[in-house]
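Residue 109 in full-length UniProt numbering sits at position 109 of the sequence shown; the count goes up by one each step and never skips.
Even glycine gets a Cβ: it sits at the ideal position worked out from N, Cα and C.
Structure first, then comments.
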Amino acid sequence: MFPERFSNLPEYAFPRLRALLDSHKPGGAPAHMTIGEPKHPFPAWITDVITEHAHEFGNYPANEGTPELRQSITDWVNRRYGVTLKPDTNVMALNGTREGLYNAMMALCPEAKNGKWPMVLIPNPFYQVYMVAALSVGAEPVFLPATKENGFLPDFSEVPGDILNQVTVAYLCSPSNPQGAVATREDWAHLIGLAELYDFKIFADECYSEIYRDEPPVGALQVAREMGADPERVVIFHSLSKRSNLPGLRSGFVAGGPESIRRMKQLRAYAGAPLPMPLQRVAEKVWADESHVEENRALYQEKYALADTIMNRVPGYQPPEAGFFLWLPVADGEEAALRLWKKTGVRVLPGAYLSRDTDAGNPGKNYIRVAMVAPKDEMADGLTRLRDCLYT
């Protein structure tokens, strides 16, 4: 029998979008700007690495990642954030970060806190795995609006103390999906301070960290180490999907305190799906190379400038600080997405599909999310059609 706690889950965003749009003919050449699937080229030498190690498809893969991969990851964390981690105890390779964001909850969320049910803080809008992970362990999701008024990041200072006493985990995505907002050092320090005071963990989803306009976003683990916080307080998640244009590689990592990683490894031994060995060999080399990351970031920086030029007169337009989505204000996201598809063939995602209805409303209802992953000329054409349809 389907567990009761899952009975009121909304359908996932993309089936909802197909139900909304697919019975209608597009009003022009289709331009798909919905899914955040990077389209820039990945390094050409990757196929050579797979070929060189193809014989290792005949071996069971290392569960937590090869020693070489874990070393490559910790070297990258040190270069990027100035944080020294131990490859054997502080990191584990992931088969995509969605696996880690879900299984970390399974491994690390206690069944109760202070004799009561656990609570999990989730920004709203959010990556939907956060909510399902919380429900899977019997925790109560607490949705915190991430709106224009609070810089598109949740305001943790608004959470009452009686709720914080029951919080076991707080998710925060920075740079955020969908709005492209970046948590400052002060933002992280405030949240970490609350976590220390009320004894909960922070799951920092930093998968968009290498796509930004000007300054590299500060990292949660970096701030935690500067503060001298409990080493088990912060767990970070990173991915090669966006950084290296390799969503199909399904390679990421989780890093945190040794006890957190031990418990995640233990769960992985029973319920995980480790990355095939040839793909781990690729990941070893990709984490060690920054030249392709710099080239990729430069392409996105060109797209930021192009989007700013096309959308600069759109009322309420907020240039994203990082990531590769635009979060555009509209009167109603579903109505706008349907009208745009029927009149122009441009396909976007209603913001409400990424948010949760609450007593205060749905903070995504009056937005659409637009992915800037297509080649620059295609993106410019799609944004121009979108602007002329919805804002003129």
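Cα-Cα separation, residue 98 to residue 278: 21 Å
Please report the distance separating the alpha-carbon of residue 225 from that of residue 153. 22 Å
If you run the structure through DSSP and keep just helix, strand and coil, what is residue 1? Only weak support is given to the placement of residue 1: the predicted model assigns it a pLDDT of 40, under 50, and the question is left unresolved by the model.
Helix, strand or coil: which one does DSSP assign to residue 191? helix
Residue 76 burial status per 10 Å Cβ neighbour count (16 or more: buried): buried
Own chain partners of residue 20 with C-beta closer than 8 Å, once the 5 adjacent residues on each side are dropped: 334, 337, 338 and 350
Assuming the contact rule is C-beta atoms closer than 8 Å, residue 30 and residue 345 should be a hit. Round their C-beta distance to whole Å, please. 5 Å
Please classify residue 222 as buried or exposed, where buried requires at least 16 neighbouring CB atoms within 10 angstroms. buried
Hey, could you find the ends of the alpha helix (DSSP H) residue 97 is sitting in? 97 to 108
Kindly indicate the opening and closing residues of the beta strand (DSSP E) around residue 203. 201 to 205
Among all the DSSP beta bridges, which residues are the ones paired with residue 92? 254
Contact between the region 182 to 189 and the region 36 to 44: three or more CB pairs below 8 Å? no
In the DSSP assignment, the alpha helix (DSSP H) including residue 368 goes from what residue to what residue? Residue 368 -> not in any alpha helix (DSSP H); beta strand (DSSP E) instead, spanning 367 to 371.
Would you say the region 89 to 96 touches the region 255 to 274, given that touching needs at least three Cβ pairs under 8 Å? yes
Is the beta carbon of residue 16 less than 8 Å from the beta carbon of residue 353? yes
Since residue 204 and residue 172 should fall inside the 8 Å C-beta cutoff, what is the C-beta to C-beta distance between them, to a whole number of angstroms? 6 Å
Given that a residue counts as buried once 16 or more other Cβ atoms are within 10 Å of its Cβ, and exposed if not, what is residue 2? Because the pLDDT of residue 2 is 47, which lies under 50, any placement of that residue in the model is unreliable, and the number read from its coordinates should be weighed accordingly. Counting Cβ neighbours within 10 Å, residue 2 comes out exposed, since fewer than 16 surround it.
Over what stretch of residues does the alpha helix (DSSP H) that includes residue 40 continue unbroken? Unbroken run through residue 40: none, as it is neither H nor E.
On the DSSP bridge assignment, give the partners of residue 173 in chain order. 205
Counting only runs that start and end within the region 333 to 390, where is the alpha helix (DSSP H) found for 4 or more residues in a row? 333 to 344 and 376 to 390
Can you give me the Cβ contacts of residue 32 inside the same chain, cut-off strictly under 7 Å, excluding the 5 residues immediately before and after it? 347
Pick from 281, 362, 380 and 379 that is closest to residue 51, judged by C-alpha positions: 281
Beta carbon of residue 139 nearer than 8 Å to that of residue 160: no
Same chain only: Cβ atoms within 6 Å of residue 133, ignoring 5 sequence neighbours per side: 102 and 105
If you run the structure through DSSP and keep just helix, strand and coil, what is residue 78? helix
Those residues which DSSP pairs with residue 143 across a bridge: 122
Residue 206 vs residue 241 beta-carbon contact at 8 Å: no
For residue 255 and residue 234, I'd like the C-alpha separation in whole angstroms. 9 Å
Beta strand (DSSP E) containing residue 240: first to last residue? Run containing residue 240: none in the beta strand (DSSP E); it sits in the alpha helix (DSSP H), 240 to 243.
Is the distance from the Cβ of residue 127 to the Cβ of residue 211 below 8 Å? no
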